[in-house]
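Remarks on the structure that follows.
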Amino acid sequence: MKKNLIFLALAAIGLASCNGGFKKGDHGLLYNINVDKSGTNIKTGDFVNVNLTIKNDADSVLLSSYELGHSFPLYSRPQLPGDVFDAFTSLSEGDSVTVKVLGDSVYKNKGQRPFNFTGKYLTYSLKIEKVIAKGTQTDQVFHDAVANYMKGEGDKMKAKEPAAIQKYITDNKLNVTKTATGLNYVITKPGTGPLPNAGDTVYVNYVGRFTNGKVFETSIKEEAIKAKTYSAQNPYQPISLPIGQGKVIPGWDQGIMLLNKGAKATFVIPSDLAYKDQGNQVIGPYTPLVFEIELVNIKPADPNAPKPANPILNMPAPGKAVGPAKTK
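Just so we're aligned: the sequence shown equals residues 61 to 388 in my numbering.
Structure (structure tokens):
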């Protein structure tokens, strides 16, 4: 990364002491260079793979690729003056920089701010892991290069998955049963009554975690507060969903049908039964997931309704969402 960064107003360097050690650039952007490697600056349209941490003014982490266990692939396309992509055009592969961006430049046209955004700035700690320049390459050659790189990254994540699953099971002393499809489960509280049938509607409370223990979603208010993910906009109540019909990830479809009313269980779900090689929002490719599940109630299907097309042991198509993601 060149010292004469495009987005820096060098005449403003004297203001650094007024901004907590950050130098001031254009459009209200503040920056601090951590690592400066030599190389060609990123251009609009280039492919970039980046590790990042985003914090608010209270130093609370809003997002961390390190906690999620995967970096973020993206294309460098500035959206608004002063957004974090403004900084990308002055970075190169291997660079590390901390950037403070005015919240208004991020959320101005994106509706309500996140519940845990406070203060004036978002602070991004960025590490540019890989750059694939578009340059004069044809679209096909460029996208093939990106696809080959992403496949290599995916293969690395896939190779780590079995150890991550086993470590979580061992660290948490779970006496799991493993099904033929690879679902690991342990019933922590037996329920009563019959098991749900395909097509029944189930009512479920849940806590979703990564194998590092970090909660990414929950239907339980107390768990959200504990995990510092609470949102006043979330009703925090059991979700309802049809079971055994491929409407949720296979790990849920298969696991919930092993429970009866009132049962609690922990599912350790391999990516083959979750989001596979695609991931979903904050969930990266080849990411195993842990769910603590309580089956609150079962509403039997209407006996006169058409029978579900997909029996529970048939694998639904890739990309099906977890219950929470599909039922909001």
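Glycine included, each C-beta is placed from N, C-alpha and C at the ideal position.
Predicted model only: the values in this text are computed from it and were never measured.
Run the CB neighbour count on N235, radius 10 Å, all protein chains shown included, and call it buried at 16 or more, exposed below.
exposed
State the Cα-Cα distance for the pair E283 and V267, rounded to the nearest angstrom.
7 Å
Measure the alpha-carbon distance for P40 versus T261 and round it to whole angstroms.
Coverage of the chain is limited to positions 61 through 388, which leaves residue 40 absent and any answer about it impossible.
Residue range of the beta strand (DSSP E) that includes N265
T261 to F270
Candidates S131, N208, S150 and G129: which alpha carbon is nearest R137's?
S150
By Cβ distance below 7 Å, which residues in the same chain neighbour K321 in space, the five residues on each side in sequence not counted?
G251, T252, G253, L355, N357 and I358
Is the beta carbon of E189 closer than 8 Å to that of N94?
no
Extent of the continuous beta strand (DSSP E) run through I358:
L349 to K359
One question on the structure: do V159 and L89 come within less than 8 Å of each other, judged by their Cβ atoms?
yes
How far does the beta strand (DSSP E) with T230 in it extend, from its first residue to its last?
From DSSP, T230 is part of no beta strand (DSSP E) but of the alpha helix (DSSP H) over D199 to D231.
Would you mind stating whether T104 and A193 have Cβ atoms separated by less than 8 Å?
no
Taking just the CA atoms, how far does V308 sit from Y91?
42 Å
Looking only at its chain, what residues have a beta carbon closer than 7 Å to the beta carbon of Y346, apart from the 5 residues adjacent to it on each side?
G214, M217, K218, E221, S331 and D337
Per-residue burial, S98 [other beta carbons within 10 Å of its own, 16 or more giving buried]:
exposed
Can you tell me whether P256 is helix, strand or coil according to DSSP?
coil
Segment limits, alpha helix (DSSP H) that includes I316
P310 to I316
Would L162 pass as a contact of N116 if the rule is Cβ separation under 8 Å?
no
Consult DSSP for V236 and reduce its assignment to one of helix, strand or coil.
coil
Alpha carbon to alpha carbon, how far is N257 from P363? Give it in angstroms, no decimals.
11 Å
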